[in-house]
Amino acid sequence: MPIAYPTDPDCIFCKIVAGDIPCHKLYEDDLVLAMLDIGPIAPGHTLLIPKGHYPSLTDVPPDTAAALGRALPLLGQAVCKATDTDNFNVLQNNGRPAGQAVFHVHFHVIPRTADDARTTPPAGSPGTGLPFDWPATELDPDAATTLAERIRSAL
Ligand code: 5GP
Ligand code: ZN
489 MPIAYPTDPD CIFCKIVAGD IPCHKLYEDD LVLAMLDIGP IAPGHTLLIP
539 KGHYPSLTDV PPDTAAALGR ALPLLGQAVC KATDTDNFNV LQNNGRPAGQ
589 AVFHVHFHVI PRTADDARTT PPAGSPGTGL PFDWPATELD PDAATTLAER
639 IRSAL
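Numbering (our numbering), first residue to last: 489 to 643.
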């Protein structure tokens, strides 16, 4: 019997899951689907999505989260092999201020090479970094104790 999952008729990724909009499908199982991103920032840029409509990672139920977690290393390996690199980023945005544009949760799998043209190396970084600022600061020990306690309590 097919697994039932929530859908949103206005969601572009739900339409792709339903087969109403085409995609370059790379992988699917009962719970997840992977496809090429329509606006790749590198050749092989892939999206892994749950078949169910969950706007944010915090909405994803454990069985679907496990399926996403199972698929990610497999996809990373395949995307790297196909694009002849050993390097990739996994990126996942939740909420508009975090850069989310499509509100059906998804993981970006982005192959990377040493000569990526589109990236600016963050100051002091040995690699080519990510195509956005990484404004690292130093962890304040007092603030860290308080923050760690607040996060542990929220778990
Ligand atoms: P976000 O900013 O929400 O993390 O990323 C959304 C991603 O979805 C973008 O990289 C964008 O190129 C991709 N995307 C948007 N619409 C479609 C579509 O119809 N098909 C595919 N394959 N990717 C899409
Ligand atoms: Zn959706």
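Where is the CB? At the ideal position from N, CA and C, for every residue including glycine.
Item                                                                                              : Value
Closest residue to Leu643 among Asn581, Gly532, His512, Thr546 (Cα-Cα distance)                   : Thr546
Contacting residues, own chain, Cβ-Cβ under 6 Å from Asp525 (five flanking each side not counted) : His533, Leu535
Chain-ordered residues, beta carbon under 7 Å from a heavy atom of the ligand ZN                  : Thr495, Asp496, Cys499, Phe501, Cys502, His541, His592
Three-state secondary structure (DSSP) of Phe501                                                  : helix
Bounding residues of the beta strand (DSSP E) (the contiguous stretch that carries Thr573)        : Careful: Thr573 lies outside any beta strand (DSSP E) and carries neither H nor E.
Environment of Met523 [buried if 16+ CB atoms lie within 10 Å]                                    : buried
Contact under 9 Å by Cβ, Ala559 with Tyr515                                                       : yes
Assigned secondary structure, Ile537 (DSSP; H/G/I helix, E/B strand, else coil)                   : strand
Alpha-carbon to alpha-carbon, Val593 and Arg640                                                   : 25 Å
Near the ligand 5GP: Leu560 beta-carbon under 8 Å from a heavy atom                               : no
Endpoints, alpha helix (DSSP H) assigned at Leu635                                                : 629 to 642
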